[in-house]
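Peer 1:
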DNA sequence: TCGTATCGATTACGACTGTAGTCAATAGTC
DNA sequence: GACTATTGACTACAGTCGTAATCGATACGA
């Protein structure tokens, strides 16, 4: 059930999170063109996602309408925690510190995050 | 050269980042015991990391002394950006917001990050 | 000097991935 | 009713990964 979603599969999930239910063809049309996938590839990925129970399908005549069975929020949460656990001892502060050191934070980022945290405190 | 470091390989890199140079046996002894790896497995991983040029070796008699060829900082940076690009449109604020919503931030986290950001601003 | 322990290299092998072609069924068209 | 386009299912196939056994060379101890 909770098999890991691969990178290519994730690209398909993004399409379905954006809008669903969709037919396989719809998905193929909307998936990131940079991937350059054939329709067959998208169908394979949808099949694998079904097997992993990451998407579900309802039957519509001779075809399927696909919808996510996993919430984006949950996926994002899992992936984020994985990274933070694996590389930063499970704590967010070192990640922020790392990005700061790497000059990966703009003035705007800093201001936004400060505002966010300020809100959290009340 | 810059092939991606797999999950199992990463566990080996952590050992070498912590201390190096080390023999294969040293690495095998220090690698996370939770993995339950045989010495042979560690040797395979070291071989693959050599091929990927993520570690280098100097010859010491009949054996190798392994050292990282990739800095932990760089690896961490790559992985962090990957995640943030893939899931948060390349911006840190949504990640922090996500974790906040998920109650994944403690009082202490918030205070720490605020302090960190305050420093950055001067 | 002879055996033995040790080391890196090579080989193994099933699972998963990325990418896609083929096939059998069928819905819809003429 | 026959033909065709479409759809999901199945098959393919090379590359990577996790996990490990085996092999040939060699340093070292007896």
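Chains as they are written, first to last, in the numbering used here: chain A, 9 to 130; chain B, 9 to 130.
From the three backbone atoms N, C-alpha and C, an ideal C-beta is built for every residue, glycine too.
Remember, predicted model here, so these are calculated numbers, not experimental data.
Taking Cβ-Cβ distances shorter than 9 Å, what residues in chain B pair up with residue 108 of chain A?
Peer 2: In chain order: 124, 125, 127, 128.
Peer 1: Whose CA, out of B/76, B/129, B/114, lies closest to the CA of residue 54 of chain B?
Peer 2: Answer by Cα proximity: B/76.
Peer 1: Buried or exposed, going by whether 16 or more other CB atoms sit within 10 Å of the CB of residue 88 of chain A?
Peer 2: Residue 88 of chain A comes out buried.
Peer 1: Report the residue from A/15, A/34, A/125, A/108 whose alpha carbon sits nearest the alpha carbon of residue 107 of chain B.
Peer 2: Among A/15, A/34, A/125, A/108, the Cα nearest to that of residue 107 of chain B is on A/125.
Peer 1: Curious, which full-length alpha helix (DSSP H) runs of at least 4 residues does the region 96-130 of chain B contain?
Peer 2: Taking only runs of at least 4 residues, the alpha helix (DSSP H) segments lying wholly in the region 96-130 of chain B are 100-109, 115-128.
Peer 1: Give, in chain order, every unbroken run of the alpha helix (DSSP H) that is at least 4 residues long and sits entirely within the region 43-70 of chain B.
Peer 2: Segments of the alpha helix (DSSP H) lying fully in the region 43-70 of chain B: 47-59.
Peer 1: Could you check if residue 123 of chain B is buried or exposed, using at least 16 other CB atoms within 10 Å of its CB as the buried criterion?
Peer 2: Residue 123 of chain B is exposed by the Cβ-count criterion.
Peer 1: Based on the DSSP output, what are the partners of residue 30 of chain B in its beta bridges?
Peer 2: Beta-bridge pairing links residue 30 of chain B to B/74.
Peer 1: Roughly how many angstroms lie between the CA atoms of residue 113 of chain A and residue 71 of chain B, to the nearest whole one?
Peer 2: Approximately 44 Å, taken between the alpha carbons.
Peer 1: Does DSSP put residue 92 of chain A in a helix, in a strand, or in coil?
Peer 2: It is helical.
Peer 1: Taking C-beta pairs closer than 8 Å, name the residues in chain B that residue 99 of chain A reaches, listed in chain order.
Peer 2: Neighbours of residue 99 of chain A on chain B, chain order: 117.
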